[in-house]
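In this note's numbering, the protein residues as written are 71 to 194.
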């Protein structure tokens with residue numbers, strides 16, 4: 071199964087596109103009505119707005135982004151993955167950590183991101 075028909079492969083393709091700053095590959099994973107909530111709380115709706123945000127972010131080349139899967143589940147019409155992200159804005163910067171919940175939905179034979187919610191992890 072390819073990334074289009076396998077939901078977990080589609081999620082992997084999405085995460086790889088982020089790490090590789092590949093806007094075309096990233097945009098190919100977006101549902102037209104996608105909603106993204108970034109760690110600052112900013113809400114973006116629609117593939118065009120989300121892709122424009124990522125185009126600016128991907129243009130920055132100093133950051134690093136690592137993910138560790140914490141949970142995943144797939145049904146006939148949706149796939150969810152919860153990952154812990156470690157993000158470093160530039161070399162020597164303090165890493166920031168957040169949890170990202172990704173929800174993909176099946177549209178025809180493709181799996182596309184419909185919702186991305188990020189929550190900052192704080193030290194307690």
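The beta-carbon is built from N, C-alpha and C at its ideal position, and this holds for glycine as well.
Please state whether the Cβ-Cβ distance between residue 150 and residue 140 is less than 7 Å.
no
When you compare only the Cα positions, how much space is there between residue 157 and residue 188?
12 Å
Tell me the start and end of each unbroken beta strand (DSSP E) in the stretch 137–185 that is at least 3 residues and wholly inside, in chain order.
148–158, 166–177
My output table needs one value for residue 86: the three-state DSSP class, helix, strand or coil.
helix
Who does residue 78 pair with in a DSSP beta bridge?
Note: residue 78 sits in no beta bridge, so no partner.
Rounded straight-line distance, which links the Cα of residue 102 to that of residue 127
20 Å
Determine the direct distance from the alpha carbon of residue 167 to that of residue 138, and round the result to whole angstroms.
11 Å
For the beta strand (DSSP E) that contains residue 100, what are its first and last residues?
100–107
Verify the CB distance criterion: does residue 123 have a CB-CB separation below 7 Å to chain C?
Reference to chain C is not applicable here, since this structure consists of a single protein chain.
With residue 132 as the anchor, note down where its alpha helix (DSSP H) starts and where it stops.
Note, residue 132: premise wrong, no alpha helix (DSSP H); not H, not E.
Who are the Cβ neighbours of residue 142 in its own chain at under 6 Å, not counting the five residues just before and after it?
151
With three or more C-beta pairs closer than 8 Å as the rule, is the stretch 89–102 touching the stretch 117–126?
yes
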